[in-house]
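2 protein chains.
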Amino acid sequence: MNAEIIAVGSELLLGQIANTNAQFLSEKLAELGINVYFHTVVGDNAGRLEQAVRVAQARAELIIFTGGLGPTKDDLTKETIARLLGRELVIDEEALRSIEAYFARTNRTMTENNKKQALVLQGSTILKNEHGMAPGMAITLNSITYMLLPGPPKEMQPMFLKYGRPFLMEQLGHHERIESRVLRFFGIGESQLETDIEDLIDQQSNPTIAPLAGDGEVALRLTAKHHSEIEAKKLLDKTEQAILERVGRYFYGYNDETLFKKTVKMLKEKKKTIAAAESLTGGLFLTELTAIPGASQVVRGGVVCYANEVKEKVLHVPASVLTTDGAVSERCAQLLAENVRTLCHADIGISFTGVAGPDPLEGKPVGTVYIGISTPENGTEVYALALPGQRDAIRIRTAKYGCSIILKKLAAAYEG
Amino acid sequence: MNAEIIAVGSELLLGQIANTNAQFLSEKLAELGINVYFHTVVGDNAGRLEQAVRVAQARAELIIFTGGLGPTKDDLTKETIARLLGRELVIDEEALRSIEAYFARTNRTMTENNKKQALVLQGSTILKNEHGMAPGMAITLNSITYMLLPGPPKEMQPMFLKYGRPFLMEQLGHHERIESRVLRFFGIGESQLETDIEDLIDQQSNPTIAPLAGDGEVALRLTAKHHSEIEAKKLLDKTEQAILERVGRYFYGYNDETLFKKTVKMLKEKKKTIAAAESLTGGLFLTELTAIPGASQVVRGGVVCYANEVKEKVLHVPASVLTTDGAVSERCAQLLAENVRTLCHADIGISFTGVAGPDPLEGKPVGTVYIGISTPENGTEVYALALPGQRDAIRIRTAKYGCSIILKKLAAAYEG
Chain A
257 MNAEIIAVGS
267 ELLLGQIANT
277 NAQFLSEKLA
287 ELGINVYFHT
297 VVGDNAGRLE
307 QAVRVAQARA
317 ELIIFTGGLG
327 PTKDDLTKET
337 IARLLGRELV
347 IDEEALRSIE
357 AYFARTNRTM
367 TENNKKQALV
377 LQGSTILKNE
387 HGMAPGMAIT
397 LNSITYMLLP
407 GPPKEMQPMF
417 LKYGRPFLME
427 QLGHHERIES
437 RVLRFFGIGE
447 SQLETDIEDL
457 IDQQSNPTIA
467 PLAGDGEVAL
477 RLTAKHHSEI
487 EAKKLLDKTE
497 QAILERVGRY
507 FYGYNDETLF
517 KKTVKMLKEK
527 KKTIAAAESL
537 TGGLFLTELT
547 AIPGASQVVR
557 GGVVCYANEV
567 KEKVLHVPAS
577 VLTTDGAVSE
587 RCAQLLAENV
597 RTLCHADIGI
607 SFTGVAGPDP
617 LEGKPVGTVY
627 IGISTPENGT
637 EVYALALPGQ
647 RDAIRIRTAK
657 YGCSIILKKL
667 AAAYEG
Chain B
257 MNAEIIAVGS
267 ELLLGQIANT
277 NAQFLSEKLA
287 ELGINVYFHT
297 VVGDNAGRLE
307 QAVRVAQARA
317 ELIIFTGGLG
327 PTKDDLTKET
337 IARLLGRELV
347 IDEEALRSIE
357 AYFARTNRTM
367 TENNKKQALV
377 LQGSTILKNE
387 HGMAPGMAIT
397 LNSITYMLLP
407 GPPKEMQPMF
417 LKYGRPFLME
427 QLGHHERIES
437 RVLRFFGIGE
447 SQLETDIEDL
457 IDQQSNPTIA
467 PLAGDGEVAL
477 RLTAKHHSEI
487 EAKKLLDKTE
497 QAILERVGRY
507 FYGYNDETLF
517 KKTVKMLKEK
527 KKTIAAAESL
537 TGGLFLTELT
547 AIPGASQVVR
557 GGVVCYANEV
567 KEKVLHVPAS
577 VLTTDGAVSE
587 RCAQLLAENV
597 RTLCHADIGI
607 SFTGVAGPDP
617 LEGKPVGTVY
627 IGISTPENGT
637 EVYALALPGQ
647 RDAIRIRTAK
657 YGCSIILKKL
667 AAAYEG
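Here is the structure:
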């Protein structure tokens, strides 16, 4: 099945927003094995929309529209398609009741033009809008399937996943379930990971394995299809196992888990508290941890020791260490980790010192990083890194390395 | 002049990236008065690209292509258009030399297929690529202008601004300059700002005034056209003045200046250092300041006093204050700001305490925020805020409020 996605909205043609709806739908359609051959964007103009639909009818078996289902006179997707297909628009009673309920719930007065949102193509399958007012709809005529979805992503995405996708799977005649799982890795490059599992990627068709990358992390999306949910999950398990046999030591979590979320979760599980001394990261590590609700159970806090005087006065790094070894040194990282742990009465102390750039520091090149980790049970260890990239990338990767070190410690030192 | 933007790249149809190039170009074309009526995305497939070009030829006077200019066999934009237009592709010697120089500079060996990137449509105007290898090009044939730009935004954007846009202005016959300026505001909502200057927005056509919004900040983009650069700037100055007469007290900077950049810049100018005590912001304020190169001249550091024990032991907030007033209180904010200033030997101490949510704290609702600011000259002041939104929004807005308070202090207290 070949598809075209038509986004309707002048705001897209004025460059006010990017067409992220097409990106979302393309990814989901690819998972279903549907080929997307074209995206089209057209403004809120009936003539040009009609033109776009005619072009799409000549080259696609599935046309998905986003946008133009709202209450204003600019919203004309339904009206245009109804005219082109020679179909009536009729009030959908359930949608109307849902719109009325929406206004009642938000204490607003429903104006007459909002009723327009309950109009649907006669004979179409209604796709419920659980996050807004305008329902979606789908209909197949003359071997072409038309699906109309709302424009706001927070309405469109859940509607497509819950109602649109099952409709398409029915059309495709495969009553298979799509199960997907993301495996997250840290400390391995995208190209290295792909090389390590190249044969698996090439061999697999169910599940498919697709790499995703960003900020020193890489992830693999496994997508399996099967009539049975249990069997689909088994397929995922088997592929996951094959992958982790190769690169399991870089694996840290599933789906939308971040290194920071995982760190907070593991600290909670092991009932350990943490404090940080942040020089080059400038507070980034603690910012990321405290962004997670419930972090207060395990994060004590710490010191942003950006100036050397703060390292000396607040964290008691001797002036002699700062002058002989330097602030960017193993010895300094060690003392910072130990002293922030005792200062903040935490179970684990971690420190970050290094050169974020743009200029070298103490004769050490940009990317030189020391991370200290201190526990009463295991003393203090220091990891020396040489990170590529620029200021922002070095800072975030350093903070993530901190997480990966803590996760290893938590797994090893506090086992059982 | 009516335009269509055709993006070429299968990665777009697979949903791996969004078509941000179309967004960028649409915005810039709108500024030139060019109407963009369609965006099309097509994959790396000669037949379908040809089809897309034929559709566009029937409805556009300007067709801008992005992508498909690279060295691989998947890159076929030039070849397809050359065939459709009956034009030869010829080696552009300057582009070839520039590609050779690029390889020499990066110490890589140039492979034969890289020469393909120096091929251009015979008779076209070459648009130099100063950030990559493949040159762009533009040509007008049978009243249709074709412009080919590379896909990577960091190559495409500067090429379009420096070479593509002047080419189009020449075509349009208006040798006017486009000058634009962004005015940045904090502490006023988008709708309030629009209401305050509604008549100005409605009256103005040169410059145009377009609002932009995000994270508690709002910005206005002024865009003026004039034959003379000086006159264009005068037009901007005049409109800016009219706007600032209404809402000048919320204005903080121009163009890509952020509140954090502005704060570091002003601290440098006034030769003042800063330290922060961060409870609800968890290090975010210092993270943002230290993200700016050169921050080390003015940022001493600070304490992330997430746990009350850290407030008490490291920042000497008496236990009695924490039990009677609470950690989220005016008194606590005051002591935190004062004590972090003295602890870190800074000229200015700032503190952030409050309830980020998701749950209320000490009986105080989510969004309750106290910001303390302390200087030896002016003592300590505390600002109480009630911020809307959720955890992340509250944290970033609190940090930005901190900046706006510091900027006011720096402007007032250290005047002269």
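Line order of the protein sequences matches chains A and B. Here the numbering used here runs 256 ahead of the position in the first sequence, where the first position is 1. Here the numbering used here runs 256 ahead of the position in the second sequence, where the first position is 1. Where is the CB? At the ideal position from N, CA and C, for every residue including glycine.
When rounded, the separation of the alpha-carbon atoms in A/Glu435 and A/Ala480 is 5 Å. Unbroken alpha helix (DSSP H) stretches of 4 residues or longer found wholly inside the segment 355-423 of chain B: 409-415, given in chain order. For B/Val622, there is no enclosing beta strand (DSSP E), as DSSP gives it neither H nor E. Excluding sequence positions up to five before and after B/Leu643, its CB lies within less than 6 Å of the CB of Gly623, Val625, Ile650 and Arg653, all in the same chain and listed in chain order. For the C-beta of B/Gly407, not a single chain A residue is nearer than 7 Å; the gap to the nearest is close to 15 Å. At least one CB of chain A lies nearer than 8 Å to the CB of B/His295. At least 8 Å separates the CB of A/Gly289 from every CB of chain B. Annotation for B/Ala640: the continuous beta strand (DSSP E) segment containing it runs Gly635 to Ala642. Cβ contact annotation for B/Asn595 (same chain, cutoff 8 Å, sequence separation greater than five): Ala533, Leu571, His572, Val573 and Gly605, in chain order. Within the segment 587-607 of chain B, those residues whose Cβ lies closer than 8 Å to any Cβ of chain A are, in chain order, Leu599, Cys600 and His601. With respect to A/Tyr562, B/Ser630 sits apart: the two C-beta atoms are not nearer than 8 Å. Interface with chain A (8 Å Cβ-Cβ cutoff): B/Tyr562 is included.
Sorting A/Arg364, A/Thr322, A/Ser576 and A/Gln313 by C-alpha distance to the C-alpha of A/Ser266 places A/Thr322 at the top.
Fully enclosed beta strand (DSSP E) runs of no fewer than 3 residues occupy 433-442, 464-470 and 473-482 of the segment 417-504 of chain A, in order along the chain. Approximately 4 Å separates the beta-carbon atoms of B/Ser380 and B/Met393; this is inside 8 Å, confirming the contact.
The C-alpha of A/Gly324 lies about 27 Å from the C-alpha of B/Leu288. DSSP assignment within the segment 258-303 of chain A yields the following whole beta strand (DSSP E) runs of 3 residues or more, N-terminal first: 258-264 and 291-298. Taking all protein chains in view, the Cβ of A/Gln497 is surrounded by fewer than 16 other Cβ atoms within 10 Å, so the residue is classified as exposed. A contact between stretches requires three or more CB pairs, one per stretch, nearer than 8 Å, and the segment 605-619 of chain A meets this requirement with the segment 524-540 of chain A. Counting C-beta atoms within 10 angstroms of its own C-beta, A/Asn385 has 16 or more neighbours from the protein chains shown and is therefore classed as buried. Residue contact with chain A for B/Ala668: absent (no Cβ-Cβ distance below 8 Å to any residue of chain A).
Interface with chain B (8 Å Cβ-Cβ cutoff): A/Gly628 is excluded.
Under a 10 Å Cβ-count criterion, A/Asp331 is classified as buried, with 16 or more other Cβ atoms of the shown protein chains found around its own Cβ. The CB of B/Leu542 comes closer than 7 Å to the CB of Gly538, Gly539 and Val560 in chain A, given here in chain order. Closer than 8 Å to the CB of A/Leu332 there is not a single CB belonging to chain B.
Within chain A, Ala547 have C-beta atoms less than 9 Å from the C-beta of B/Asp648, given in sequence order. The C-beta separation of B/Lys528 from B/Leu666 comes to about 7 Å, placing the pair in contact by the 8 Å criterion. Of A/Ala351, A/Phe359 and A/Gln448, the smallest CA-CA separation from A/Gln373 is found for A/Ala351. For B/Glu534, the pairing in a beta bridge is given by DSSP as B/Val560 and B/Phe608.
Residue range Leu318 to Thr322 is occupied by the beta strand (DSSP E) that includes A/Leu318. The beta carbons of B/His601 and A/Glu565 sit closer together than 8 Å. Between A/Phe516 and A/Phe441, the CB-CB gap reaches or exceeds 8 Å.
Per DSSP, B/Ile548 is not a residue of any alpha helix (DSSP H), being assigned neither H nor E. The C-alpha of A/Ala278 lies about 7 Å from the C-alpha of A/Ala263. With 16 or more other CB atoms across the displayed protein chains lying within 10 angstroms of its CB, A/Tyr293 is buried.
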